[in-house]
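Worksheet for the structure shown next.
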Amino acid sequence: MSSRTRKCSSPGCARSICGRPVRSGLRLRQRDTGLHADEPAAPALNAISDYGIAEGEAPSAGPGQVQIKVAACGIGYVDVLVALGGYQVKPTLPHTPGQEITGTVSAIGSGVTGLAVGDRVLAAAQGGFAEYAVAPRDSVFRIPDSLAFAAAASLRLNCLTALHGLRDRANLQKGERLVVLGAAGGVGIAAVQIGKLLGAEVIAVASTEEKRAFAGRAGADRVLDSTVEGWRERLREACNGGGPDVIFDPLCGPLFEPAFRSLAWRGRHLVVGFVGGEIPRLRVNLPLMKGAALAGVDVRQFALFERERADAYVEELIAWAGEGRLAPIAGRRFAFSDFAEAMAHAQSGRGMGKTILEIA
Numbered sequence: 002m003s004s005r006t007r008k009c010s011s012p013g014c015a016r017s018i019c020g021r022p023v024r025s026g027l028r029l030r031q032r033d034t035g036l037h038a039d040e041p042a043a044p045a046l047n048a049i050s051d052y053g054i055a056e057g058e059a060p061s062a063g064p065g066q067v068q069i070k071v072a073a074c075g076i077g078y079v080d081v082l083v084a085l086g087g088y089q090v091k092p093t094l095p096h097t098p099g100q101e102i103t104g105t106v107s108a109i110g111s112g113v114t115g116l117a118v119g120d121r122v123l124a125a126a127q128g129g130f131a132e133y134a135v136a137p138r139d140s141v142f143r144i145p146d147s148l149a150f151a152a153a154a155s156l157r158l159n160c161l162t163a164l165h166g167l168r169d170r171a172n173l174q175k176g177e178r179l180v181v182l183g184a185a186g187g188v189g190i191a192a193v194q195i196g197k198l199l200g201a202e203v204i205a206v207a208s209t210e211e212k213r214a215f216a217g218r219a220g221a222d223r224v225l226d227s228t229v230e231g232w233r234e235r236l237r238e239a240c241n242g243g244g245p246d247v248i249f250d251p252l253c254g255p256l257f258e259p260a261f262r263s264l265a266w267r268g269r270h271l272v273v274g275f276v277g278g279e280i281p282r283l284r285v286n287l288p289l290m291k292g293a294a295l296a297g298v299d300v301r302q303f304a305l306f307e308r309e310r311a312d313a314y315v316e317e318l319i320a321w322a323g324e325g326r327l328a329p330i331a332g333r334r335f336a337f338s339d340f341a342e343a344m345a346h347a348q349s350g351r352g353m354g355k356t357i358l359e360i361a
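All residue numbers for the sequence shown refer to this note's numbering, where the first residue is 2 and numbers rise by one.
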């Protein structure tokens with residue numbers, strides 16, 4: 002991919018990562034911070050190489066909006082999936098990825114209260130791969146000085162997904178046994194920590210010794226190799242001859258059915274994502290025989306349908322982090338100019354903790 006930056010001569014210029022639409026015969030024109038299609042038909046974004054650094058006017062804060070000078074932005078598997086048009090929600094072009102924004106308030110629009118220029122914040126809004134981003138006031142939360150921007154970037158999606166899944170969808174109880182698959186990933190490691198905060202006994206499952214050690218340092222009571230032969234029997238041994246009460250599954254890969262079959266009576270299997278690459282099938286007699294439940298966890302839908310509850314959870318997570326009870330983990334960090342490598346790293350699923358793009 003060309004690293005050439007598209008230039009802007011205005012004094013209010015700022016850089017962003019912008020998707021270049023690809024469509025046979027489509028003419029493009031440059032405007033503001035990216036490339037816009039001259040024709041109404043929607044082009045496609047097919048690869049990370051379709052993205053480049055663009056210069057243009059920094060977005061201004063309109064009524065009810067907050068402009069943020071971005072310090073760091075989290076990157077997850079879903080972010081890359083959306084950016085490449087592979088998610089059920091298609092991006093509007095030109096597209097600037099990034100939804101987990103942290104930084105400082107640089108301007109506020111009319112009608113905004115409770116925030117001031119200079120406040121340290123996190124926000125859930127599109128366009129975080131940029132020096133400046135704009136977010137609705139109700140998606141912006143102040144964070145304490147003790148919480149690093151890179152660490153805070155995992156709170157709004159990863160940690161909220163874990164808390165919503167374990168508390169609301171699984172009704173995880175103190176003393177119950179929780180198995181976390183893909184435990185070293187961004188959302189998996191959040192589930193390990195939050196499971197412990199909720200009083201569970203946590204068994205972390207990961208594919209390498211390095212990842213298992215990482216999950217152990219995050220608080221897992223026991224770790225289990227996901228690649229070992231006779232995995233179900235090893236899981237039973239780790240559960241002292243029983244089965245898990247709750248399975249937190251962001252992978253839904255080869256261990257999906259063996260894990261479900263291992264559930265204890267009235268167990269709950271949380272479907273959090275499909276990083277494994279395929280959508281597995283399950284025979285419906287299995288939940289029947291175990292009195293078990295298969296529950297979906299989608300933090301975006303949670304925030305849409307239960308906004309007040311979701312916002313309260315974010316505030317709770319920020320408080321936990323500020324008190325030192327929760328230590329959100331920033332994984333590998335990438336400079337702004339290395340955005341393509343950062344996206345590829347997040348897409349690979351091989352990282353530990355939250356992949357971070359550092360803007361400033």
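We put the beta carbon where it would ideally sit given N, CA and C, even for glycine.
Identify which residue in I319, F337 and C240 has its Cα closest to the Cα of L158.
Here residue 158 refers to the residue found at position 157 of the sequence shown. The residue with the shortest Cα to Cα distance from L158 is I319.
Counting Cβ pairs, one atom from each stretch, are 3 or more of them under 8 Å apart for the region 162 to 172 and the region 92 to 103?
No, the region 162 to 172 does not touch the region 92 to 103.
Please report how far the alpha carbon of F335 lies from the alpha carbon of R223, in whole angstroms.
As a first step, residue 335 must be located in the sequence shown, where it is residue number 334. As a first step, residue 223 must be located in the sequence shown, where it is residue number 222. When rounded, the distance between both Cα atoms is 31 Å.
Mind checking which residues open and close the alpha helix (DSSP H) that includes A345?
Locating residue 345 in the sequence shown gives position 344, where the first residue counts as 1. That run of the alpha helix (DSSP H) goes F340 to S349.
List the residues that DSSP assigns as beta-bridge partners of H270.
Mapped onto the sequence shown, residue 270 falls at position 269. H270 pairs with I248 and L295.
Decide if F306 is buried, meaning its Cβ has at least 16 other Cβ atoms within 10 Å, or exposed.
Here residue 306 refers to the residue found at position 305 when the sequence shown is read from its first residue. Exposed, since its Cβ has fewer than 16 Cβ neighbours within 10 Å.
Thinking just about the alpha-carbon of each residue, which of E324, G278, Q127 and Q194 is nearest to the one in I330?
Here the question's residue 330 lines up with position 329 in the sequence shown. Per the Cα distances, Q194.
Using the rule of at least 16 other Cβ atoms within 10 Å of the residue's Cβ for burial, across every protein chain shown, is A171 buried or exposed?
Numbered from 1 along the sequence shown, position 170 holds the residue referred to as residue 171. Result: buried.
Going by other Cβ atoms of all chains shown within 10 Å of its Cβ, with 16 needed for buried, is C100 buried or exposed?
Start at 1 with the first residue of the sequence shown, and residue 100 comes out as number 99. Note on residue identity: the sequence assigns Gln, not Cys, to residue 100. It counts as buried.
Hey, could you find the ends of the alpha helix (DSSP H) K212 is sitting in?
Mapped onto the sequence shown, residue 212 falls at position 211. Run containing K212: E210 to R218, per the alpha helix (DSSP H) assignment.
What does DSSP give as the partner residues of P137 in its beta bridges?
As a first step, residue 137 is located in the sequence shown; it is residue number 136 there, counting from the start. The partner list for P137 (beta bridge, DSSP) reads Q66.
Nearest to H96 by CA position, among A131, L198 and A108, is which residue?
In the sequence shown, counting from the first residue as 1, residue 96 sits at position 95. If we check each option's Cα against that of H96, A131 comes out closest.
Which term fits E230, buried or exposed, when burial requires 16 or more other beta carbons within 10 angstroms of its beta carbon?
For the purposes of this step, residue 230 is identified with residue 229 of the sequence shown, where counting begins at 1. Counting Cβ neighbours within 10 Å, E230 comes out exposed, since fewer than 16 surround it.
In angstroms with no decimal places, state the Cα-to-Cα distance between G115 and N241.
Residue mapping note: residue 115 aligns to position 114 of the sequence shown, counting from 1. Residue mapping note: residue 241 aligns to position 240 of the sequence shown, counting from 1. When rounded, the distance between both Cα atoms is 51 Å.
According to DSSP, what are the bridge partners of A171?
Counted from its first residue, the sequence shown places residue 171 at position 170. The partner list for A171 (beta bridge, DSSP) is empty, contrary to what the question assumes.
Would you call the region 68 to 78 in contact with the region 121 to 139, where contact means no fewer than 3 C-beta pairs closer than 8 Å?
Cβ pair count under 8 Å is three or more, so yes.
Checking the sheet assignment: what are the DSSP bridge partners for I109?
By one-based count along the sequence shown, residue 109 stands at place 108. Answer is V67, bridged to I109.
Within 10 angstroms of the Cβ of S107, are there 16 or more other Cβ atoms? Answer buried if so, exposed if not.
The residue labelled residue 107 in the question sits at position 106 within the sequence shown. It is buried - the Cβ of S107 has at least 16 other Cβ atoms within 10 Å.
In chain order, what are the residue ranges of uninterrupted alpha helix (DSSP H) at least 4 long that sit wholly in the region 118 to 164?
Listed in chain order, they are 150 to 153 and 161 to 164.
What's the call for G20, buried or exposed, on a 16-neighbour Cβ count within 10 Å?
Locating residue 20 in the sequence shown gives position 19, where the first residue counts as 1. Classification of G20: buried, given that the 10 Å Cβ count is 16 or more.
Please state whether DSSP places S227 in a helix, a strand or coil.
The residue given as residue 227 occupies position 226 in the sequence shown. Coil at S227, not helix or strand.
Since I believe V276 is in contact with F249 (beta carbons under 8 Å), could you give me their beta-carbon distance rounded to a whole number of angstroms?
For the purposes of this step, residue 249 is taken as residue 248 along the sequence shown, with counting starting at 1. For the purposes of this step, residue 276 is taken as residue 275 along the sequence shown, with counting starting at 1. Contact flag wrong, Cβ pair sits at about 13 Å.
Would you give the residue range spanned by the beta strand (DSSP E) that F261 belongs to?
Position 260 of the sequence shown, counted from the start, is the residue given in the question as residue 261. Per DSSP, F261 belongs to no beta strand (DSSP E); it is in the alpha helix (DSSP H), F257 to R262.
Who are the Cβ neighbours of R168 in its own chain at under 6 Å, not counting the five residues just before and after it?
Start at 1 with the first residue of the sequence shown, and residue 168 comes out as number 167. None.
Quick one: what does DSSP say F335 is sitting in, helix, strand or coil?
Residue mapping note: residue 335 aligns to position 334 of the sequence shown, counting from 1. If DSSP states are grouped into helix, strand and coil, F335 belongs with the strands.
Please name the residue, chosen from R308, A207, G176 and A185, that lies closest to L198 on a Cα-to-Cα basis.
Against the sequence shown, residue 198 aligns to sequence position 197. That would be G176, whose Cα lies nearest to the Cα of L198.
Can you give the beta carbon distance from P251 to G332, rounded, assuming they're within the 8 Å contact cut?
Counted from its first residue, the sequence shown places residue 251 at position 250. Counted from its first residue, the sequence shown places residue 332 at position 331. P251 to G332, Cβ: 15 Å. No contact.
Given this structure, state the Cα-to-Cα distance separating W266 from E211, to the nearest angstrom.
For the purposes of this step, residue 266 is taken as the residue at position 265 of the sequence shown. For the purposes of this step, residue 211 is taken as the residue at position 210 of the sequence shown. Each residue's alpha carbon lies about 32 Å from the other.
In its own chain, which residues sit with a C-beta less than 8 Å from the C-beta of A125, not counting the 5 before and 5 after it?
Here residue 125 corresponds to residue number 124 of the sequence shown, with the count starting at 1. Cβ within range, chain order: Q100, E101, I102, A136, S140, R157, L158 and A304.
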